[in-house]
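Following: one structure in structure tokens, then a few remarks.
Number of protein chains: 2
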Amino acid sequence: MPLVVEFKPAGVAVAAKEGTSLLEAATAAGVQLDAPCGGQGRCGRCKVRVESRAADGLLRYRGNARLTPAEETKGYRLGCQTFVADVHDRCAQGEERVLVSVPRSRKKVLRRLGHAGARPEALPASSTWREDPAIRTFALEIEPPSLDDNTSDLDRVRRELARQYGVEEIRASLDVVTRLGRDLREADWNVAVTVDTSDRDRDIRLSPRVLAANPARTRHAEYGLAVDVGTTSVVVYLVQLSSGRVIDSASAYNAQIACGDDVISRIMYSQRGQGLARLQQLIVGTVNELIDELLGRTAIRAVDVYEMMAAGNTTMTHILLGVDPKYLREVPYTPTLAAAPAVLAGELGLKLNPRARVSLMPSIGSWVGGDITAGVISSGLYQTDKLTLFMDIGTNGELVLGTRDWLIACACSAGPAFEGGGVSNGMRATSGAIEDVWIDAATLEPTFRTIDDAPPQGLCGSGLIELLAELLITGALEKSGRFARDREAARLRQGDLCMEYVVAWQPETELDHDVVLTEMDVDNLIRAKAALYAGCSVLCRSVGVALADVEQVLIGGAFGQYVNLEKAVQIGLLPDLPLGRFRFLGNTSALGAYMALLCPDVRREVRDVAYRMTYLELSADNSFMEEYTSALFLPHTDLEAFPSVKALLPSSREACAAHAALPSHLGSQGAT
Amino acid sequence: MPLVVEFKPAGVAVAAKEGTSLLEAATAAGVQLDAPCGGQGRCGRCKVRVESRAADGLLRYRGNARLTPAEETKGYRLGCQTFVADVHDRCAQGEERVLVSVPRSRKKVLRRLGHAGARPEALPASSTWREDPAIRTFALEIEPPSLDDNTSDLDRVRRELARQYGVEEIRASLDVVTRLGRDLREADWNVAVTVDTSDRDRDIRLSPRVLAANPARTRHAEYGLAVDVGTTSVVVYLVQLSSGRVIDSASAYNAQIACGDDVISRIMYSQRGQGLARLQQLIVGTVNELIDELLGRTAIRAVDVYEMMAAGNTTMTHILLGVDPKYLREVPYTPTLAAAPAVLAGELGLKLNPRARVSLMPSIGSWVGGDITAGVISSGLYQTDKLTLFMDIGTNGELVLGTRDWLIACACSAGPAFEGGGVSNGMRATSGAIEDVWIDAATLEPTFRTIDDAPPQGLCGSGLIELLAELLITGALEKSGRFARDREAARLRQGDLCMEYVVAWQPETELDHDVVLTEMDVDNLIRAKAALYAGCSVLCRSVGVALADVEQVLIGGAFGQYVNLEKAVQIGLLPDLPLGRFRFLGNTSALGAYMALLCPDVRREVRDVAYRMTYLELSADNSFMEEYTSALFLPHTDLEAFPSVKALLPSSREACAAHAALPSHLGSQGAT
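Shown next as structure tokens:
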């Protein structure tokens, strides 16, 4: 008999078998615990409190250094390290129940994603680039068979499509023909035949593929899905194919989050027993839930959704198709697939018309995926005359530099610092996250704003950037990333391991501690921004242009939308260019998928872009480490590259030069 | 608790649930009862004897006129009308067992089919028409990825296939790519890539489809199957695709026999609840058993079988694909499919490489199927200058008339008389069947030969033809099909319902009755041969040629191989042409499938033949009934059409003319 685990404050319960971890049980119950490390007991984020005293013996707990003895005594446990024990004896007599409370600061409250009814950002309601939709429905009045003409049902359809519409040489798959005889007769030979007239994989028009034969008397429209399969979140747009109109959209966290926050954790998870299959199930499940939600709201039938175009990074693409992502993270970082074969929805278990073709935007390399190809398309980079830098900033920073004539891409493993990972009080951009910060230069007292104006829980990416910049500009933080030892301020103090800045005192929060930024956190953030900036530098250098020559910087991805551009330049995350050259584009991945869904010409361009984009492997580039090391300052060793920031800084050039002599302390956390 | 039913003499037992018929139980136990009517209680052929007296209450029996009260008293029951009762109460206490004996004369002993190790007839060991096999394997040495070149795995394969072999633009399906990363590395980048370079459905060369990537160090060969899916039997040839060599072959009864002997019974069966799914399962099961047998004998792996080409009649084709055959037998007899879409083995559950393409020879109409298209191809009819009649004689007689320039086909519903159906002591060509008969003109005493020289059990098709001819030539039978009332002979007697001729006395047999041919049997046989002959006549008339102009008659199908040609002409089953114009071709259906399997050119010709063959619907032809009525004599009303027979006949033209005045008695059985 399984054990019943109830989660507070959500109030949901789930039956869990022996060996199930509380993290798994929570996922099964729809309660998402934070688990950036994928449940390996490394990050300590999935902390919960086991409330029932009667739980002794019902749960097995593996000790972990992430919890203090005091926490353990209070019943705190790591969800991933706490397992349902062999409870057969006790449960046989009746239901045993364990109450587990999920600390509020760990509970994911979705803000900009759709769980709470919020919708993803709007896509263009219709497109100017659309033409000649690949999937079309033809109304046919077919002469019923007679003894004089008992040509087969399929040949009658074939004949009329050719005669009435010039659609020649149709193909029909097994599941269409098994129903065809009945469908035609039930429709009294007046049918609406839906046909896919193009081959998504290749640049050829193939013999048209019959997708459905419905009675002509019922109303028909063909729909498609444009899907952004992100590591963190999944966005689905439901589109009417004939008009290009976005009917509705929905988004949710990628359920794979339970298996790790970043692609590396997911790849590691995929190497466990049924890990890959489980990850595939989770992403398919997430997409299916969003499909259910959209179809439920719009009363559109699943069988009328005839196509899906998805964009995702290379890891997500591999996992969605069930392809082992293992080799992506083994030197020399080789994807099994760049351009994925188109597959049918039925093959993946997606709840569309089972014959719907599922296409994926092609990847460029292991760390530059279809989301970036989509971005290059939807940002128009591939068509511009201007020297353009496209950036997609997230756990990985992907960069594309080029014009209409050439394109070069690279990925810098920035790490999750700007998504709140590896930062003591970092968090995602959800309720209670500090997203804006201003610091008084004299007192170093901060003013901040949180998402939903909730009590502060931690710092999200935009908050971290602003905090860093403010600390730098006010002189609280030196360019080296060390707090100014000579500044007296209530907010600056020696913490357990290193100096730290207190953003919010405990009483303001609903936490049991202050919200702080430590020198170790700063170090992690500097390394993240340095990787990104170094990527930009190397990319430019590799084609012989200067960063300053870049005529426009296009920033895709959800990250960009809430970032204060000036502050990002001040800390050296973005190059110091006139602000007018920057443009935030929003979800370029979804937009690219949407465009490719609608337009055969765009699909051709996608293939062309993917084919001609050069992939620069930074780990094979000698200059990268040099550029990276130079960027391990705020904003940079070379202040001349940041003239606008230089003007703001309180300290002299001499001070900067002095620090430049000892950058080694930034190499490891222990040195600070 | 199910009831255990044991069948004697096979000695096999099976557990049967409530409501299961003994016919179904027998099928489940691998004991094939004869059930031409498909288990509807109409034919009385599935008679068994329930031996256990204790069976009272364990079985429910539906009374049936096919059994005499005496038989019922002795425990005889119809298998299809006897069902496992609600035995819960009795079986709960322990296993209940019922013993059922299957009369020997009903047990199918396979002779010319493969169960007992016999092999189907040989096909040519290699072909002269083969060229350019569609499925080929290419050995590739691929440069392993490096940081300088970490192109994706699939693109590496793509690149090398293009570079080394000029095979461009390959496609790979999901199940190939999900394994590709591992396959390539396990093979140390030395792989044998098997590719399908043509599209079976259409006359175009498509981008090649990758079927497998195996380590180059292991031995490889590509195999295919040529399959004849007959209503009665299934024959599978295992062929090496590169050489065209037939490696082995096997055959078995189509397991659908349990659901009826002929296509009409099968179609009716398909209309019951899960009937269609069950029939599909049975035929797939039969093919899979034969595949297992062949692969077991040859130690060839299933994944190395990359293609299957099957020929079958239109009903078999529909059922194999799971397409409802219902409309085939409803006026106006419209197939849902003529040219079936190619499907993958995995979709049908066939135990080949799951990506193996399964193609079916195209049908011409509801009653002229892919077996006939195959016959036209393999007989060479479509290439000849001679006016040629192709006949496939079975339950249905299918006829094709034509030359290289034109082809016209029709089907005549001859009925199963020449396969032993509708004839009191008819049986299939299995052990104990009388297959040759000679009758003494003076005494009317017969001499006969049985298959396996076993005690006579009944008459098979060839025996029936010979018997009819002998009776006619000796004057025992009049041209009208009535026994000569004026002949005194021990063998001629008044039976229960009509006059009959005794072929074998009971003591010679192992039966409890004499083997006889009744006037009603003769009537059924005459109607069968009349339908076939009338078909030939109408076909010739429809294109304005005389039957006598036919330069060659090609006879396909198993039936033809054992038939005495002269005798078949004597009874008017075949037209009276010089015997040199007849040729028996054997299994033209399997041979056509074999040719199409190997040669893309043949596949093109198949499509062309199917496209240009005219289908003549006899039921819509006014002259058919007239021709049919004229043929309801032995050999025919118009003796001038049978000069060689006329010379043999003892009776005068006057007698024949007299009978011609009263053909009405042949219209129904009751009148004789």
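Top line first, the protein sequences correspond to chains A and B.
Counting in numbering that gives the first Met the number 0, the first sequence runs from 0 upward without gaps.
Counting in numbering that gives the first Met the number 0, the second sequence runs from 0 upward without gaps.
For each residue, glycine too, the CB sits at the ideal point set by N, CA and C.
- The beta carbon of P340/B sits closer than 9 Å to some beta carbon of chain A.
- Counting along the chain, no alpha helix (DSSP H) covers P214/B; the unbroken beta strand (DSSP E) around it starts and ends at 208 to 214.
- In the structure shown, A432/A falls within a strand segment according to DSSP collapsed to helix, strand and coil.
- Below 8 Å, too few C-beta pairs join the segment 583 to 595 of chain A and the segment 392 to 410 of chain A to call them touching: fewer than three.
- Taking the C-beta atoms as reference points, S430/A is found no nearer than 9 Å to V515/A.
- For A14/B, no alpha helix (DSSP H) run applies; the uninterrupted beta strand (DSSP E) run containing it begins and ends at 11 to 15, by DSSP.
- Per DSSP, the beta-bridge partners of M307/A are L224/A, V357/A.
- With a threshold of 16 other beta carbon atoms within 10 Å, D513/A meets it and is buried.
- If one requires a minimum length of 3 residues, the beta strand (DSSP E) runs lying completely within the segment 0 to 85 of chain A are 2 to 7, 11 to 15, 46 to 49, 58 to 60, 75 to 77, 81 to 83, in chain order.
- Nearest in C-alpha terms to Y236/B, of all of I392/B, T136/B, P214/B, E288/B, is E288/B.
- Beta-carbon to beta-carbon, L58/A and E95/A are separated by about 11 Å, too far to satisfy the 8 Å threshold.
- Around the Cβ of L347/A, a 10 Å sphere holds 16 or more other Cβ atoms; the residue is buried.
- Exposed is the label assigned to K73/B, since fewer than 16 other Cβ atoms lie within 10 Å of its Cβ.
- Between E159/B and V283/B, the alpha-carbon positions lie close to 38 Å from each other.
- Comparing C-alpha distances from A640/B to each of T314/B, D391/B, R580/B, Q569/B shows the shortest one belongs to Q569/B.
- Just so you know, the alpha carbons of A161/A and L406/B end up roughly 25 Å apart.
- Residue burial annotation: N312/A is buried, with at least 16 other C-beta atoms found within 10 angstroms of its C-beta.
- By alpha-carbon distance to S242/B, the top candidate from I554/B, L647/B, L510/B, M594/B is M594/B.
- Put simply, the CB of D247/B is far from chain A, with every gap to its CB atoms at 9 Å or more.
- G364/B has a beta carbon lying within less than 9 Å of a beta carbon in chain A.
- Counted as a single uninterrupted DSSP element, the alpha helix (DSSP H) harbouring A276/A occupies residues 274 to 297.
- By the beta-carbon neighbour count (other beta carbons within 10 angstroms, threshold 16), Y332/B is buried.
- Under the Cβ distance rule, T335/A counts among the residues neighbouring chain B, one pair being separated by less than 9 Å.
- Listed along the chain, the chain A residues whose CB falls inside 7 Å of the CB of P331/B are P144, S145, L146, N149.
- Less than 9 Å separates the beta-carbon of S362/A from that of S151/B.
- A Cβ-Cβ contact shorter than 9 Å links M308/A with L359/A.
- Counting only runs that start and end inside the segment 436 to 505 of chain A, the beta strand (DSSP E) elements of at least 3 residues fall at 445 to 449, 491 to 493, 498 to 503.
- At a C-beta separation below 7 Å, L179/B has these neighbours in chain A: T335.
- One alpha carbon belongs to V245/B, the other to V209/A, and they sit about 37 Å apart.
- Shown here, C598/A sits in coil according to DSSP, grouped into three states, outside any helix or strand.
- Excluding its 5 nearest sequence neighbours in each direction, I266/A has C-beta neighbours in its own chain below 7 Å: T314, P324, K325, L327, R328, listed in chain order.
- Taken in chain order, the members of the segment 610 to 634 of chain A whose beta-carbon sits within less than 8 Å of a beta-carbon on chain B are Y614, E616, S618, A619.
- Straight across, the Cα-Cα distance linking G78/B with T230/B is about 22 Å.
- Between the alpha carbons of Y305/A and R218/B lies a distance of about 42 Å.
- K16/A counts as exposed, since fewer than 16 other beta carbons sit within 10 angstroms of its beta carbon.
- As a beta-bridge residue in DSSP terms, I554/B pairs with M390/B, F583/B.
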